[in-house]
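Colleague: Got a structure for you, written out below as structure tokens; questions coming shortly.
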Amino acid sequence: MSTDSGERGGAMVPAGQPVDGWRGDEHRLQVSAAEEAGLRAGDVELELYTEGFKAGMVLQDPSDGDLVARGRTVLDDEQLTKSLKPVLMFLKIPRDGWRVRVHDGEFELRVDSRAAQAGAPVIDAGKAVLQIWLAAALLGVAILQLQLLGAFSSSAAAVLWGVGLLYGSWQLRRGMVSGRAMLGARLSLGLAMHAREEQLILPPSGPAAGALRSPSDG
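Next comes the structure, spelled out in structure tokens:
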């Protein structure tokens with residue numbers, strides 16, 4: 741005898757069952773239009789959801805360095821945490837490296853800066869930087885000890901060390917940026933797949949997505 745809205749207020753919505761409050765949503769309208777045009781709804785839906793989550797994502801929050809994803813949900817904090825746990829586990833983000841907050845049907849997923857910078861691209865960049873610095877140091881020492889350039893050996897070694905330090909730092913910075921971008925793209929896709937399969941989350945609405953962009957994005 742419980743009503744449909746009552747069931748949704750206290751428990752997760754069954755997978756594949758549309759949410760009344762999301763009828764008329766721009767994403768669903770576009771998927772319906774794609775179906776009418778003869779396109780595969782699943783592919784269109786996944787692409788739309790991915791782009792929607794990507795548009796509402798901040799790769800690095802200026803306040804704390806966190807990677808932030810936002811969207812809409814019919815779940816509360818505890819339910820959403822449980823629902824998203826497999827997605828974050830698949831992306832190899834440790835449980836203590838992310839948290840969610842739900843307010844008035846909108847959610848915020850924050851991946852802390854340490855977890856966001858612990859991906860493979862950043863680790864590989866760190867290894868490359870160590871190799872660059874070690875090579876520059878060894879070559880500089882060899883130039884000094886063997887006096888390969890005569891009176892210019894000291895200056896040459898100093899220049900080599902400086903160039904190695906700057907180049908290594910640049911490589912590390914590039915690895916950190918590309919690592920965040922890659923994690924952001926994978927997280928957007930993971931959330932989109934979860935949205936398509938479970939029907940428990942959606943990307944942020946159009947106006948919200950624009951407002952969530954970092955000020956540095958222009």
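Residue numbers (my numbering): 741 to 958. For every residue, glycine included, the Cβ atom is placed at its ideal position computed from N, Cα and C.
In terms of residues, what are the limits of the alpha helix (DSSP H) holding residue 824?
Modeller: Here the alpha helix (DSSP H) through residue 824 covers 817-830.
Colleague: May I ask you to report which of helix, strand or coil DSSP gives residue 805?
Modeller: If DSSP states are grouped into helix, strand and coil, residue 805 belongs with coil.
Colleague: Can you find the residues in the same chain that come closer than 6 Å, C-beta to C-beta, to residue 868, ignoring five residues on each side of it along the sequence?
Modeller: Hits under 6 Å: 911.
Colleague: What residue range does the alpha helix (DSSP H) around residue 841 cover?
Modeller: Run containing residue 841: none in the alpha helix (DSSP H); it sits in the beta strand (DSSP E), 838-843.
Colleague: Answer yes or no: do residue 810 and residue 846 have a C-beta to C-beta separation smaller than 8 Å?
Modeller: For residue 810 and residue 846, yes; Cβs fall inside 8 Å.
Colleague: Check whether the stretch 933-946 and the stretch 804-821 touch, using three or more Cβ-Cβ pairs below 8 Å as the test.
Modeller: They touch, by the three-pair rule.
Colleague: Starting from the C-beta of residue 834, find all residues in its chain whose C-beta is less than 7 Å away, skip the five residues before and the five after it, and write them out in chain order.
Modeller: Once the five neighbours on either side are set aside, the close Cβ partners of residue 834 are 855.
Colleague: Going along the chain, which residues of its own chain have a beta-carbon closer than 6 Å to the beta-carbon of residue 931, five neighbours each way excluded?
Modeller: So the list reads 793, once near-sequence residues are dropped.
Colleague: What are the start and end residues of the beta strand (DSSP E) that includes residue 850?
Modeller: Segment 846-851, the beta strand (DSSP E) holding residue 850.
Colleague: What is the DSSP secondary structure of residue 942, reduced to helix, strand or coil?
Modeller: Strand.
Colleague: Helix, strand or coil for residue 796, going by three-state DSSP, please let me know.
Modeller: Coil, per DSSP.
Colleague: Out of curiosity, what's the CA-to-CA distance linking residue 883 and residue 866?
Modeller: So the two alpha carbons sit approximately 26 Å from each other.
Colleague: Given this structure, state the Cα-to-Cα distance separating residue 898 from residue 885, to the nearest angstrom.
Modeller: Approximately 13 Å between the Cα atoms of the pair.
Colleague: Apply the 10 Å Cβ neighbour rule to residue 875 and answer buried if 16 or more other Cβ atoms are within range, or exposed otherwise.
Modeller: Under this definition residue 875 is an exposed residue.
Colleague: Applying the 10 Å Cβ sphere with the 16-neighbour rule, what's the burial state of residue 827?
Modeller: Residue 827 is buried by the Cβ-count criterion.
Colleague: Residue 764: buried (16+ other C-beta within 10 angstroms of its C-beta) or exposed?
Modeller: Residue placement at residue 764 cannot be trusted, given a pLDDT of 43 that sits under 50; the coordinates are not used to answer.
Colleague: Identify every residue that forms a DSSP beta bridge with residue 812.
Modeller: The partner list for residue 812 (beta bridge, DSSP) reads 846 and 942.
Colleague: Looking at residue 824: is its Cβ nearer than 8 Å to the Cβ of residue 923?
Modeller: Their beta carbons are not under 8 Å apart, which means residue 824 does not touch residue 923 by this criterion.
Colleague: Should residue 799 be labelled buried (16 or more other beta-carbon atoms within 10 Å of its own) or exposed?
Modeller: Buried.
Colleague: Just confirm the distance between the C-beta atoms of residue 893 and residue 887, as a whole number of angstroms; I'd bet it's less than 8 Å.
Modeller: The Cβ separation is near 5 Å, so the contact holds.
Colleague: Rounded to whole angstroms, what's the CA-CA distance from residue 820 to residue 839? Just pull it up for me.
Modeller: Each residue's Cα considered, the two are about 10 Å apart.
Colleague: Spatial neighbours of residue 934 within its chain, please: CB distance less than 8 Å, with the 5 preceding and 5 following residues excluded, ordered by chain position.
Modeller: Same-chain partners within the cutoff: 823, 824, 827, 940 and 941.
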